[in-house]
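Q:
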Amino acid sequence: MPTAPGQSKFQIDLRRHLRGQNISDNLIHLICEIAEASKYVINAVRTGDLGVAGTSNLYGEEQLALDVLSDRIMRKRLIHSGVVCNIASEEMDEIYQAQAQADGLYSVAYDPLDGSSLVDVNLAVGTIVSIYEGCDLLQPGRNQVCAMYILYGPRVSLVYTVGDGVHEFTMNNLMEFTLTRENIRMQPEGNIYAPGGLRNKYAPGVEKFIQHLEAKGCKLRYSGGFVPDINQVLMKGKGLFMYPALNGSPNGKLRVLFELNPMAFIIEHAGGSASNGQIPILDIVPESLDQRAPIYIGCKADVEQAMSFVNAG
3 MPTAPGQSKF QIDLRRHLRG QNISDNLIHL ICEIAEASKY VINAVRTGDL
53 GVAGTSNLYG EEQLALDVLS DRIMRKRLIH SGVVCNIASE EMDEIYQAQA
103 QADGLYSVAY DPLDGSSLVD VNLAVGTIVS IYEGCDLLQP GRNQVCAMYI
153 LYGPRVSLVY TVGDGVHEFT MNNLMEFTLT RENIRMQPEG NIYAPGGLRN
203 KYAPGVEKFI QHLEAKGCKL RYSGGFVPDI NQVLMKGKGL FMYPALNGSP
253 NGKLRVLFEL NPMAFIIEHA GGSASNGQIP ILDIVPESLD QRAPIYIGCK
303 ADVEQAMSFV NAG
């Protein structure tokens, strides 16, 4: 029997899908505003200036013009959404207060263009977003009410969870996000791995784990971009991404608030796991905006195996 018009899952748009998620109208509005902002970000990525903006963010990293523009696009949209009280961006050195009161409102932490240095060599980049109820951003990632990312690759895809399944939407030629995969699930174990950081700075336990993966025949798949690498693990439903503690950088490179929490929330709700080597990423209580942590994220069995090697030394 043919499917009635508008009933195919490939014709379900983001807003319609969100209405079936048992979440507040304000949260639906916020997620849709972020999706709308991503349309302007991808336009900037495709057509924007690849030069340097001449400024640095608070971590001393050189900001590309696209970083600054993407941040401005996202922040402006969040402020004018009317449902956000506090905003934290990887490109800002302090929390921006959009509204003073918190009742029924949300706080948002985001990385506007993760992997932006890859744009000039035409590799995939993305936006990462974490949403909390109220005005407190410095709380465990397990308290998120939504985590999402938008991947700007050969196709633009948006992945989100509000704690009830992980769902993928793809931007069509009308720049609308339509459902392509619902309730994505991870396998218990995988055969690909994406290791970040210089290998000669790995601790002995991490190096032994890599050798173990190589001996098992696991394939190395690392793009240098956190969003596409996590997306690969999630969409294939197998594998592991890691950015471990390094000699000289015991907390690794990636930030808890802007990168680790949202990705850990998504992967856990797809049946995977995420750890800093000691505790789940989502149980970390962040003490500052720039707090970093090592991460092992992906299939549950792979993460558990990593922990056994890392903690054995």
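Be aware that the sequence shown starts at 3, since it is given in the numbering used here, and climbs by one per residue.
No residue lacks a Cβ here, since even glycine has one placed at the ideal position from N, Cα and C.
Computed from a predicted model, the values in this text were never measured in an experiment.
Do you know whose CA, among Ala90, Thr163, Val158 and Glu170, lies nearest Asp138's CA?
A: Ala90
Q: Three-state secondary structure (DSSP) at Gly143?
A: In the structure shown, Gly143 sits in a helix (DSSP, three-state: H, G or I).
Q: Is the Cβ-Cβ distance between Leu200 and Leu248 less than 8 angstroms?
A: It is a contact, given that the beta carbons lie within the stated cut-off.
Q: By the three-class DSSP mapping on this structure, what secondary structure does Val85 have?
A: Here DSSP, grouped into helix, strand and coil, assigns Val85 to coil.
Q: Hey, quick one: how far does the alpha helix (DSSP H) through Pro300 stretch, first residue to last?
A: Sequence check: residue 300 is Gly here, not Pro. Where Gly300 is concerned, there is no enclosing alpha helix (DSSP H), although the beta strand (DSSP E) it sits in stretches over Ile297 to Gly300.
Q: Taking Cβ positions, are Ile269 and Met150 nearer each other than 8 angstroms?
A: no
Q: Tell me the rounded alpha-carbon separation between Asp27 and Asp105.
A: 14 angstroms
Q: Rank Leu120, Met244 and Leu222 by C-alpha distance to the C-alpha of Arg48 and give the top, closest one.
A: Checked all of Leu120, Met244 and Leu222; the closest Cα to Arg48 is Leu120.
Q: At which residues does the beta strand (DSSP E) containing Ser225 begin and terminate?
A: No beta strand (DSSP E) contains Ser225, which DSSP labels as neither H nor E.
Q: Considering only C-alpha positions, which residue in the set Ala39, Ala266 and Leu284 is nearest to Val168?
A: Ala266
Q: CA-CA distance, Gly207 and Arg18?
A: In this structure, the straight-line span from the alpha carbon of Gly207 to that of Arg18 is close to 47 angstroms.
Q: Which of the three DSSP states is assigned to Val168 in this structure?
A: Val168: coil per DSSP, three-state reduction.
Q: According to DSSP, simplified to helix, strand and coil, what is Ala37?
A: When DSSP states are grouped into helix, strand and coil, Ala37 belongs to the helix group.
Q: Under 8 angstroms between the Cβ atoms of Glu92 and Phe260?
A: yes
Q: Please work out which residues of its chain come closer than 8 angstroms, Cβ to Cβ, to Gln307, disregarding the five sequence neighbours upstream and downstream, and give them in chain order.
A: Phe211 and His214
Q: Given a cut-off of 8 angstroms on the beta-carbon distance, is the pair Arg187 and Gly50 in contact?
A: Gly50 is positioned such that its CB atom lies no closer than 8 angstroms to that of Arg187.
Q: Could you give the distance in angstroms between the alpha-carbon of Gln141 and the alpha-carbon of Ser290?
A: 10 angstroms
Q: Counting only the same chain and skipping the five closest in sequence on each side, list residues whose C-beta sits under 6 angstroms from that of Val287.
A: Pro142
Q: Is the Cβ-Cβ distance between Lys240 and Gly192 less than 8 angstroms?
A: yes
Q: In angstroms, rounded to a whole number, what distance separates the CA positions of Pro4 and Asp304?
A: Bear in mind that the predicted position of Pro4 carries a pLDDT of just 47, short of 50, making it unreliable; the figure below should be weighed with that in mind. Rounded to the nearest whole angstrom, the CA to CA distance from Pro4 to Asp304 is 42 angstroms.
Q: Does the beta-carbon distance from Leu236 to Cys148 come in below 8 angstroms?
A: no
Q: Is Thr180 closer than 8 angstroms to Phe171 when the C-beta atoms are compared?
A: yes
Q: Give me the residue from Ala100, Asp69 and Glu96 with the minimum Cα distance to Lys78.
A: From the listed residues Ala100, Asp69 and Glu96, the smallest Cα separation to Lys78 is found for Ala100.
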